[in-house]
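Enquirer: Residue numbers (my numbering): 30 to 184.
Ideal Cβ positions, reconstructed from N, Cα and C, are used throughout, including at glycine.
Take a look at this one; I'll ask things after.
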């Protein structure tokens, strides 16, 4: 009877040890590179904290929180009058915005990583696009800028 208890305790310890094993996490550089690639270089990952939710073999699901920013100022069209486009600035270049997301990782440090972000939630609008000539072209009026009334009255 004692042998059965010892065998049972040993088996329990081995199985428990397997579930406590450390899950390999992609490096910050890999996470930033994959994020930039997934969002076409428009958004960039500034900082991230991962919490492992599930793992099997070389695959894991993570909860992520951190800061992201845009590589350019981003604008959304809100109206048009005659020859003028009214736009709202939705993202400011390099200004950090808090986010949360889920991500899956597949791989190991030796074999390389594939990372996929999904369920992205952020404290900023998910709309906008870069407008190259917005600072030099008078046809764009930014409704939430400090000089909107001056520029609007000038035309």
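1) Taking the C-alpha atoms as reference points, what is the distance between residue 46 and residue 81?
2) Out of curiosity, what's the CA-to-CA distance linking residue 109 and residue 103?
3) In this structure, what does DSSP give as the bridge partners for residue 78?
4) Based on the DSSP output, what are the partners of residue 165 in its beta bridges?
5) Below 8 angstroms CB to CB, which residues in the same chain sit around residue 168 once its five sequence neighbours on both sides are set aside?
6) Roughly how far, in whole angstroms, is the beta-carbon of residue 60 from the beta-carbon of residue 126, given that I think they are within contact range, below 8 angstroms?
7) Under 8 angstroms between the Cβ atoms of residue 165 and residue 131?
8) Going along the chain, which residues of its own chain have a beta-carbon closer than 8 angstroms to the beta-carbon of residue 73, five neighbours each way excluded?
Expert: Walking through what the data contain:
1) Here residue 46 refers to the residue found at position 17 of the chain shown. Here residue 81 refers to the residue found at position 52 of the chain shown. Caution applies to residue 46, whose pLDDT of 49 falls short of 50 and renders its modelled position unreliable; the value that the coordinates give is listed next. Spanning the two alpha carbons is a distance of roughly 17 angstroms.
2) Translated into the one-based positions of the chain shown, residue 109 becomes position 80. Translated into the one-based positions of the chain shown, residue 103 becomes position 74. When rounded, the distance between both Cα atoms is 18 angstroms.
3) Counting from 1 along the chain shown, the entry for residue 78 is found at position 49. Residue 78 pairs with 94.
4) For the purposes of this step, residue 165 is taken as residue 136 along the chain shown, with counting starting at 1. According to DSSP, residue 165 bridges with nothing at all.
5) Position 139 of the chain shown, counted from the start, is the residue given in the question as residue 168. Cβ neighbours of residue 168 beyond the five flanking positions: 112, 113 and 114.
6) Mapped onto the chain shown, residue 60 falls at position 31. Mapped onto the chain shown, residue 126 falls at position 97. Actually they do not touch by this definition, with Cβ atoms about 17 angstroms apart.
7) Start at 1 with the first residue of the chain shown, and residue 165 comes out as number 136. Start at 1 with the first residue of the chain shown, and residue 131 comes out as number 102. Contact flag unset, no.
8) Within the chain shown, numbered from 1, the residue matching residue 73 stands at position 44. Hits under 8 angstroms: 61, 64, 65, 97, 98, 99 and 100.
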